[in-house]
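Report on the following structure.
In this note's numbering, the protein residues as written are 175 to 335.
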């Protein structure tokens, strides 16, 4: 019987196939990111994915109110806002499918020195839980939360706030 859902074991293969297609494809409305291209995602659906997977339990986004979660997060990490360098699609996708790639310095600072050496991300691994469409929509939503600040210069020097 066909339920219309892809089994978990097939999702990773499907994800790899879509990424391979995205790497080799190049269309006018696609977003190029250092070697591969993601199809257009849906920001509203990405926000729903953010809620459905309880991302809002550990992450906040300035200006957006999310429902309460039923768990206590290890810490809260802000996403989005005004930044000098906006995270690209590749960086955002990597953060979702491989959260151990870069561990937040804020989280590391909470740990004892000995624990910092072999630290793993408290974020669940979603590579086998999310569909490819959900990941694309989530990345589209996350990317839309950033706005780029124009740097200020004075006599050739970069000024920070």
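Cβ atoms here follow ideal geometry from the backbone N, Cα and C, with glycine treated the same way.
Do the CB positions of residue i and residue j come within less than 7 Å of each other?
i           : j           : result
residue 253 : residue 235 : yes
residue 311 : residue 223 : yes
residue 245 : residue 230 : no
residue 257 : residue 320 : yes
Which stretch, first to last residue, makes up the alpha helix (DSSP H) that contains residue i?
i           : result
residue 263 : 263 to 271
residue 313 : 306 to 318
residue 220 : 217 to 226
For residue i and residue j, what's the separation of their Cα atoms in angstroms?
i           : j           : result
residue 287 : residue 294 : 14 Å
residue 262 : residue 304 : 20 Å
residue 317 : residue 260 : 8 Å
residue 296 : residue 242 : 19 Å
residue 226 : residue 219 : 10 Å
residue 274 : residue 299 : 9 Å
First and last residue of the beta strand (DSSP E) that includes residue i?
i           : result
residue 255 : 255 to 257
residue 326 : 326 to 328
Buried or exposed, going by whether 16 or more other CB atoms sit within 10 Å of the CB of residue i?
i           : result
residue 161 : One cannot answer for residue 161 here, as it falls past the ends of the chain, which runs 175 to 335.
residue 309 : buried
Can you list, in chain order, the residues of its chain whose CB lies under 8 Å from that of residue i, leaving out five sequence neighbours each side?
i           : result
residue 280 : 249 and 251
residue 313 : 212, 215, 220, 263, 266, 267 and 270
Excluding sequence positions up to five away, which residues of its chain have a Cβ less than 6 Å from the Cβ of residue i?
i           : result
residue 301 : 271
residue 217 : 314, 315 and 318
Report yes or no: is there a C-beta of chain D within less than 7 Å of the C-beta of residue i?
i           : result
residue 309 : Judged by its chain identifiers, the structure shown contains no chain D, having just a single protein chain.
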